[in-house]
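Trainee: To start, I am sharing the structure in question, which I have written as structure tokens.
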Amino acid sequence: MPTHWVNATTDTALDAMLQHAGRVGLMNTEEFTFRSMFMRAAEQPGIRFQTEWNKFDLLAQIDTEFTLIEFKYYITRRTQSLDGKPGNYKGGASKQNEDEFWRCVNKLATQAPSQIAERFLVLVYEREYPKRSRFSFHNSYGDITAKPPVSEVWAITRGPLEARILRVEPA
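Residue numbers for the sequence shown follow the numbering used here, beginning at 1 and rising by one.
This is the structure in structure tokens:
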């Protein structure tokens with residue numbers, strides 16, 4: 001059960017994203033739309049946001065407390081040719097994605113200014129992997145546990161989407 005406003009906001013944003021995906025198709029959703037839904041879902045009085053703040057996806061300010069949030073959103077897309085034939089896959093699970101994910105965790109731990117009270121990485125991925133591969137998003141991220149610099153991990157499942165919310169501590 002969510003225990004922090006970031007968790008509750010992620011939970012609500014996942015519902016909104018799935019409703020949106022019902023209109024446009026899950027394969028036509030992406031990280032920037034999820035971030036917008038996240039900001040819209042935040043119900044903290046007086047919250048202010050800045051997107052693309054310095055090197056970070058989102059800065060949230062409540063009163064005098066600052067929170068940095070990075071977002072990762074992984075969906076596999078299959079292209080189609082103009083005649084409707086299935087094409088190549090785009091955005092699949094890979095070692096490169098895993099490395100980028102952990103670099104992002106490290107960035108939150110080592111590059112956030114000291115005035116930042118809290119740091120989170122919100123990961124959303126498609127649970128079922130549509131192509132045959134030794135990689136899948138759930139294999140890569142489904143078993144993330146708290147170990148420095150990650151102090152807590154929460155999981156939320158909504159339909160085909162999984163979310164992992166990681167609280168990252170300063171290094």
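Glycine included, C-beta positions come from ideal geometry on N, C-alpha and C.
1) Between residue 24 and residue 92, what straight-line distance do the alpha-carbon atoms span, to the nearest angstrom?
2) Here's a check: name, in chain order, each residue in its chain whose Cβ is nearer than 6 angstroms to the Cβ of residue 162, leaving out the five neighbours to either side.
3) Tell me the DSSP secondary structure of residue 2 in three-state form.
4) Ignore the nearest five residues each way along the sequence and tell me which others in residue 157's own chain have a CB closer than 8 angstroms to its CB.
5) Tell me, please, which residues DSSP counts as bridged to residue 59.
6) Between which two residues does the beta strand (DSSP E) containing residue 41 stretch?
7) Report yes or no: do three or more beta-carbon pairs, one from the region 96-103 and one from the region 147-157, lie closer than 8 angstroms?
8) Confirm, please, whether the CB-CB distance from residue 37 to residue 17 is below 8 angstroms.
9) Between residue 52 and residue 121, which are expected to be in contact by the criterion C-beta below 8 angstroms, what is the C-beta distance as a whole number of angstroms?
10) What is the rounded straight-line gap between the Cα of residue 6 and the Cα of residue 83?
11) Which word fits residue 215, buried or exposed, when buried means at least 16 other C-beta atoms lie within 10 angstroms of its C-beta?
12) Given a cut-off of 8 angstroms, decide if residue 109 and residue 170 are closer than it, judged by their beta-carbon atoms.
13) Please tell me whether residue 119 has its Cβ less than 8 angstroms away from any Cβ of chain D.
14) May I ask you to report which of helix, strand or coil DSSP gives residue 111?
Mentor: Taking the structure as given:
1) 20 angstroms
2) 125, 127
3) With a pLDDT of 44 at residue 2, under the threshold of 50, the modelled position of this residue cannot be trusted, and the question is left open.
4) Result list for residue 157: 127, 163, in chain order.
5) 50, 68
6) Not the beta strand (DSSP E): residue 41 falls in the alpha helix (DSSP H), residues 31-41.
7) Verdict: no, contact absent.
8) yes
9) That pair is no contact at about 16 angstroms.
10) Looking at the two C-alpha atoms, the distance is approximately 43 angstroms.
11) Lying before the first or after the last residue shown, residue 215 is absent from the chain, which here runs from 1 to 171.
12) yes
13) You won't find chain D in this structure, because it holds only one protein chain.
14) helix
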